[in-house]
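**Q** If you read the protein sequences in the order shown, they are chains A and B.
Residues 1 to 107 (my numbering) make up the first sequence, in order.
Residues 108 to 526 (my numbering) make up the second sequence, in order.
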Amino acid sequence: MLLIDCPYCGKRPELEFSYGGQAHLARPHRPSELDDQAWGEFLYMRTNTKGVYAERWRHARGCGRFFNALRDTTTDHFLAFYKTGEARPTLDAAAALPATPAAERAP
Amino acid sequence: MSRQSFSGLSLIWRSLSKHGSWQQQWRKATPKPRYDAIIVGGGGHGLGAAYYLAKEHELTNIAVLEKGWIGGGNTGRNTTIIRSNYLFNESAALYDHSLKLWENLSQVLNYNVMFSARGVMMLAHTVHDIQVFKRHVHANRCNGVDNEWLEPAQAKEFCPPLNIQDNIRYPVLGAALQRRGGTARHDAVAWGYARAADALGVDIIENCEVTGIRRDAGGAVEALETTRGVIQSRKVGVCAAGHSSVIMAMAGVHVPLESYPLQALVSEPVKPIFPCVVMSNTIHAYISQSDKGELVIGAGTDAYTSYTQRGALHINTHTLDAICELFPNFRRLRMMRNWGGIVDVTPDRSPIIAKTPVPGLYLNCGWGTGGFKATPGSAHVFAWTIAHDAPHPINAPFTIERFRDGYLIDEAAAAAVAH
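(1) Give me the chain A residues within the contact set of TYR421 (chain B), using Cβ-Cβ distance strictly less than 7 Å, ordered along the chain.
(2) Comparing C-alpha positions only, which one of B:LYS125, B:VAL234, B:ILE188, B:GLY151 sits nearest to ALA371 (chain B)?
(3) Name the DSSP beta bridge partners of ARG322 (chain B), please?
(4) Taking contact to mean at least 3 C-beta pairs separated by less than 8 Å, is the stretch 442 to 459 of chain B in contact with the stretch 408 to 422 of chain B?
(5) What distance in whole Å lies between the Cβ atoms of ALA481 (chain B) and SER205 (chain B), which are believed to be in contact at a cut-off of 8 Å?
(6) Counting only beta-carbon atoms, is GLU365 (chain B) nearer than 8 Å to chain A?
(7) Compare the C-beta of PRO138 (chain B) against all C-beta atoms of chain A and say whether one is closer than 8 Å.
(8) Evaluate GLU197 (chain B) with the Cβ neighbour count: other Cβ atoms within 10 Å of its Cβ, from every protein chain shown; 16 or more gives buried, anything less gives exposed.
(9) Counting only C-beta atoms, is LYS50 (chain A) closer than 8 Å to chain B at any point?
(10) Note down, in chain order, all residues in the stretch 393 to 412 of chain B with a beta-carbon under 8 Å from any beta-carbon belonging to chain A.
(11) Are the CB atoms of PRO458 (chain B) and TRP209 (chain B) within a distance shorter than 8 Å?
(12) Spatial neighbours of ARG441 (chain B) within its chain, please: CB distance less than 8 Å, with the 5 preceding and 5 following residues excluded, ordered by chain position.
(13) Within the stretch 18 to 80 of chain A, note down every full alpha helix (DSSP H) run reaching 4 residues or more, in order along the chain.
(14) Determine the chain B residues that contact GLY40 (chain A) at a beta-carbon separation under 7 Å, and present them in chain order.
(15) For the candidate residues A:PRO28, A:LYS50, A:PHE42, whose alpha-carbon lies nearest to that of THR75 (chain A)?
(16) List the residues of chain A whose Cβ lies closer than 8 Å to the Cβ of TYR414 (chain B), in chain order.
(17) Tell me, please, which residues DSSP counts as bridged to ALA444 (chain B).
(18) Can you grab the Cα-Cα spacing for the pair GLY528 (chain B) / SER191 (chain B), in whole Å?
(19) The stretch 449 to 472 of chain B: which residues have C-beta closer than 7 Å to a C-beta of chain A, in chain order?
(20) For LEU118 (chain B), name the three-state secondary structure that DSSP assigns.
(21) Do SER395 (chain B) and THR186 (chain B) come within 8 Å of each other at the CB atom, strictly closer than that value?
(22) Return yes when the Cβ of GLY153 (chain B) is within less than 8 Å of the Cβ of CYS431 (chain B), no when it is not.
(23) So, do the stretch 332 to 346 of chain B and the stretch 138 to 157 of chain B have three or more beta carbon pairs nearer to each other than 8 Å?
(24) Residues of chain B with CB closer than 9 Å to the CB of TYR82 (chain A), please, in chain order.
(25) Can you tell me where the beta strand (DSSP E) holding MET228 (chain B) begins and where it ends?
(26) Which residues mark the beginning and the end of the alpha helix (DSSP H) in which SER128 (chain B) is found?
(27) Any Cβ of chain B within less than 8 Å of the Cβ of GLU86 (chain A)?
(28) For chain B, find out if any of its Cβ atoms is closer than 8 Å to the Cβ of GLU55 (chain A); answer yes or no.
(29) Rounded to a whole number of angstroms, what is the C-alpha to C-alpha distance between LEU82 (chain A) and SER366 (chain B)?
(30) Going by alpha carbons, who is nearest to LEU269 (chain B) out of B:ASP496, B:GLY473, B:GLY448, B:ASN436?
(31) If we count the other Cβ atoms within 10 Å of its Cβ and call it buried at 16 or more, is LYS135 (chain B) buried or exposed?
(32) Going along chain A, which residues have a C-beta under 8 Å from HIS361 (chain B)?
(33) Using only the alpha-carbon positions, how far apart do LEU364 (chain B) and THR47 (chain A) sit?
(34) Say whether the stretch 508 to 517 of chain B touches the stretch 324 to 336 of chain B, bearing in mind that this needs 3 or more beta-carbon pairs closer than 8 Å, one atom from each stretch.
(35) Use the C-beta contact count for ALA87 (chain A): other C-beta atoms within 10 angstroms, 16 or more gives buried, fewer gives exposed.
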């Protein structure tokens, strides 16, 4: 089980949280002006990154608030937690990941 | 290349020489510089696609590239359940095509895949379940797929260990039974397809991970970069399951996939006690007994996307809570092993078997939590798609473009494992 550090409440077990998927997806301001391709991309396409992934969590059985996290999806280690609306933190070299055998990189 | 034929007689004959005269079942191939077609991913779907390309489409200069060992991914990690009682016409056609291929697969491959049509029973615990399952039963019958409704007493008769008392948290209110469903030996499916494909000249190359896709000036696929060198091919079929997003990103193709860990576990082996497959979507219990005697139990997916091939323990214990209520006589069984696989889930829980925007690149993915049952059918229509550069009528609806055009095949209810 993951130990998740809610920016508002501190470290709590994963059971208190619900997952919100890929972070930093902005809903288009005028969806009706998008073509099908762009709307489909927004609704369904995800980077599904192997490596450092910015994702949303919600402290559903706690403060109820959404926040973002950086997690390495090859190890499930969390690298950073930050509030919604804040920019994605840049990781220093020490926190950078070991290369996967195929040296894939996060987009 | 001729292969020894397997039969009861050959087993007895070779036992006289203490089984010293069996041949290897497939070659350890090294990559050639060029192939007519390459399949990325040496699981059941990939090996099967190579087999059908060689067998039915006379393309024999083919390689299957596997980054680990064949059948070591989701083919070797699933709970081996086979059924075809999906709701929509498109899915029923695809999964029933597969089920019909399962029925003769051992004979066709001359390899015992141990397909056992022991029946798959899906339990209803709420009024909503009853309504949904009855709708499934009727829809399936319209599509010529067998599925029948059982009252609790009939369910108990079909599966005697089942607890149908009404004093549990979610009592059994009925069940939908597909008698043609069942199980097969998962490893044997990979090995059987590998052996049969190898006999037709297909190179099966293990420990060979794809690291890049090279495209020509027109954008078409021309070669794969791998950990064992550059390999030329104008046709590449990707069956990479949980890693499909990673491979497709190498060609700049966006896919609507998220990869989640899905876990399973087995108990210590016991004598035959469990005659069928029982699934309960509502309370997360999926159970059957292998021929070795282990109870094979499927758990749910974890909440978050991951590539780690492991999940959290609370997912397993949640399933075991449900198993212990439904089958109280298993309460003192010890669990022997648990493991995870990475499943690629689409938004509508239906697969993608299609051409991609990149000429020469074909994609078979999105099987989510239930790809094993579809192995022969998926491989068969995928081989057709690669050979003809056009989809087979069965997989024509399963495109990537359906997520742009809105023609979703929403099987979230039939996909069984709650996501």
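Just so you know, even glycine gets a beta-carbon here, dropped at the ideal spot from N, CA and C.
The model shown is predicted, which means the values in this text are computed figures rather than measured ones.
**A** Answer, in terms of the structure:
(1) As a position in the second sequence, residue 421 (chain B) is number 314, starting the count at 1. Tyr is not the amino acid found at residue 421 (chain B); the sequence shown has His there. Listed by position along chain A, the residues whose Cβ is nearer than 7 Å to that of HIS421 (chain B) are MET1, LEU15.
(2) One-based indexing of the second sequence puts residue 371 (chain B) at position 264. Out of B:LYS125, B:VAL234, B:ILE188, B:GLY151, B:ILE188 has the C-alpha closest to the C-alpha of ALA371 (chain B).
(3) Counting from one through the second sequence, the residue named residue 322 (chain B) turns up at place 215. Note: ARG322 (chain B) sits in a beta bridge opposite B:VAL328.
(4) Yes, the stretch 442 to 459 of chain B touches the stretch 408 to 422 of chain B.
(5) Translated into the one-based positions of the second sequence, residue 205 (chain B) becomes position 98. Translated into the one-based positions of the second sequence, residue 481 (chain B) becomes position 374. By a beta-carbon distance limit of 8 Å, SER205 (chain B) contacts ALA481 (chain B). Their separation comes to about 5 Å.
(6) Start at 1 with the first residue of the second sequence, and residue 365 (chain B) comes out as number 258. Nearest CB-CB separation between GLU365 (chain B) and chain A: below the 8 Å threshold.
(7) As a working note, residue 138 (chain B) is residue 31 in the second sequence. Cβ-Cβ to chain A under 8 Å: no for PRO138 (chain B).
(8) By 1-based counting over the second sequence, the position of residue 197 (chain B) is 90. By the 10 Å Cβ count, GLU197 (chain B) comes out buried.
(9) To locate residue 50 (chain A), count along the first sequence from 1; it is residue 50. So, interface residue.
(10) For the stretch 393 to 412 of chain B, which is checked against every Cβ of chain A, the residues closer than 8 Å are ALA410, TYR411, THR412.
(11) Against the second sequence, residue 209 (chain B) aligns to sequence position 102. Against the second sequence, residue 458 (chain B) aligns to sequence position 351. No; because the gap between Cβ atoms is not below 8 Å, this pair is not in contact.
(12) On the second sequence, residue 441 (chain B) is found 334 positions in, with the first residue counted as 1. SER374, GLU375.
(13) With a minimum length of 4 residues, the unbroken runs of alpha helix (DSSP H) contained wholly in the stretch 18 to 80 of chain A fall at 36 to 44.
(14) Within the first sequence, numbered from 1, the residue matching residue 40 (chain A) stands at position 40. Correct list: PHE510, ARG511.
(15) Here residue 75 (chain A) corresponds to residue number 75 of the first sequence, with the count starting at 1. For THR75 (chain A), the closest C-alpha among the options A:PRO28, A:LYS50, A:PHE42 is that of A:LYS50.
(16) Stepping through the second sequence from its first residue, residue 414 (chain B) is reached at position 307. For the C-beta of TYR414 (chain B), the chain A residues within less than 8 Å are, from N- to C-terminus, LYS50, THR73, THR74.
(17) The residue given as residue 444 (chain B) occupies position 337 in the second sequence. Contrary to the premise, residue 444 (chain B) reads as Arg rather than Ala in this sequence. Answer by DSSP bridge pairing, in chain order: B:VAL373.
(18) An answer regarding residue 528 (chain B) cannot be provided, because it is not within the stretch 108 to 526 covered by chain B.
(19) From the stretch 449 to 472 of chain B, only PRO454 have a Cβ closer than 7 Å to chain A.
(20) Taking the second sequence and counting its residues from 1, the one referred to as residue 118 (chain B) is at position 11. In this structure, DSSP gives LEU118 (chain B) a helical state, which the three-state scheme calls helix.
(21) Here residue 186 (chain B) refers to the residue found at position 79 of the second sequence. Here residue 395 (chain B) refers to the residue found at position 288 of the second sequence. Taking 8 Å as the Cβ cut-off, THR186 (chain B) and SER395 (chain B) qualify as a contacting pair.
(22) Numbered from its first residue, the second sequence carries residue 431 (chain B) at position 324. Numbered from its first residue, the second sequence carries residue 153 (chain B) at position 46. No. Outside cutoff.
(23) Short answer: they touch.
(24) Translated into the one-based positions of the first sequence, residue 82 (chain A) becomes position 82. Here the premise fails: no neighbours, minimum Cβ distance about 17 Å.
(25) Taking the first residue of the second sequence as 1, we reach residue 228 (chain B) at position 121. 227 to 231 is the span of the beta strand (DSSP E), which, as asked, contains MET228 (chain B).
(26) What you label residue 128 (chain B) is simply residue 21 of the second sequence in a count that begins at 1. The continuous stretches of alpha helix (DSSP H) do not include SER128 (chain B), and DSSP gives it neither H nor E.
(27) Indexing the first sequence from 1 puts residue 86 (chain A) at position 86. No, because no Cβ of chain B sits closer than 8 Å to the Cβ of GLU86 (chain A).
(28) Indexing the first sequence from 1 puts residue 55 (chain A) at position 55. Taking a beta-carbon distance threshold of 8 Å, GLU55 (chain A) counts as an interface residue toward chain B.
(29) The sequence position of residue 82 (chain A) within the first sequence is 82, counting from 1. The sequence position of residue 366 (chain B) within the second sequence is 259, counting from 1. It is Tyr, not Leu, that sits at residue 82 (chain A) in the sequence shown. Answer to the nearest angstrom: the Cα atoms are 23 Å apart.
(30) Indexing the second sequence from 1 puts residue 269 (chain B) at position 162. The residue from B:ASP496, B:GLY473, B:GLY448, B:ASN436 with its alpha-carbon nearest to that of LEU269 (chain B) is B:ASN436.
(31) Within the second sequence, numbered from 1, the residue matching residue 135 (chain B) stands at position 28. With fewer than 16 neighbouring CB atoms inside 10 Å of its own CB, LYS135 (chain B) falls in the exposed class.
(32) Residue mapping note: residue 361 (chain B) aligns to position 254 of the second sequence, counting from 1. Residues of chain A passing the Cβ test: GLU41, MET45.
(33) The count along the second sequence starts at 1 and reaches residue 364 (chain B) at position 257. The count along the first sequence starts at 1 and reaches residue 47 (chain A) at position 47. LEU364 (chain B) and THR47 (chain A): Cα-Cα distance of roughly 8 Å.
(34) Verdict: no, contact absent.
(35) As a position in the first sequence, residue 87 (chain A) is number 87, starting the count at 1. ALA87 (chain A) is exposed by the Cβ-count criterion.
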